[in-house]
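According to this note's numbering, the stretch in the sequence shown is residues 40 to 162, in order.
Have a look at the structure below, then the notes.
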Amino acid sequence: MNTLSFSLVMTGVLLNAAAQLLLKAGTNAIGVFEFSTQNVIPVGCKIATQPYILSGIGCYVISVVVWILALSRAEVSVAYPMLSIGYVVNAIAAWYLFGEAVTPVRLAGIGIIVLGVFMVARS
């Protein structure tokens, strides 16, 4: 994989990770909700107007465009496993931004993911 392909893949991965974090921030801002026939419109309006959620959706849209560019230059069997890097980014960011737990078992899992991505990228 050349530098441009790798850059596009990583940009897509990071945009996807950012989208997840923004969606989480948006749901944190809205609070716990349940859809029912009585509150579909009010909850839908909250979701549709929440800036973090809108930004997360925007990141997803851009990540799809970047991903298509990446796939036009890289083998999918190499590029797709690199999406797993998003798990690592999100675990660390969720710990830092939202105070989510990163237990030793999660750290071990992250280590396995990093090793696997490294092996696929080097193959």
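The beta-carbon is built from N, C-alpha and C at its ideal position, and this holds for glycine as well.
Nearest-angstrom beta carbon gap, residue j and residue i [assumed within contact, 8 Å]
i, j, result
"I101", "L54", "6 Å"
"R145", "A130", "6 Å"
"A64", "C98", "Going by Cβ atoms, the distance from A64 to C98 rounds to 12 Å, so no, they are not a contact pair."
"L47", "A109", "4 Å"
"I165", "V156", "The chain is shown from 40 up to 162; residue 165 falls before or after that span and cannot be answered."
"A113", "M40", "5 Å"
"L122", "G95", "About 17 Å separates the two Cβ atoms, so there is no contact after all."
"V10", "T142", "Missing from the structure shown is residue 10; the chain here goes from 40 to 162 and no further."
"V128", "A160", "Wrong, their Cβ atoms sit about 16 Å apart, outside the cutoff."
"L35", "L136", "Residue 35 is absent from the model: the chain starts at 40 and stops at 162."
Alpha helix (DSSP H) segment containing residue i, residue limits
i, result
"Y135", "I124 to F137"
"P81", "V79 to T88"
"N41", "Taken as a continuous stretch (DSSP letters only), N41 belongs to no alpha helix (DSSP H), as it is neither H nor E."
"V153", "P143 to R161"
"S116", "V115 to A118"
Only counting runs of 4 or more residues, tell me where the alpha helix (DSSP H) segments fall wholly within the stretch 42–78, in order along the chain. 42–69
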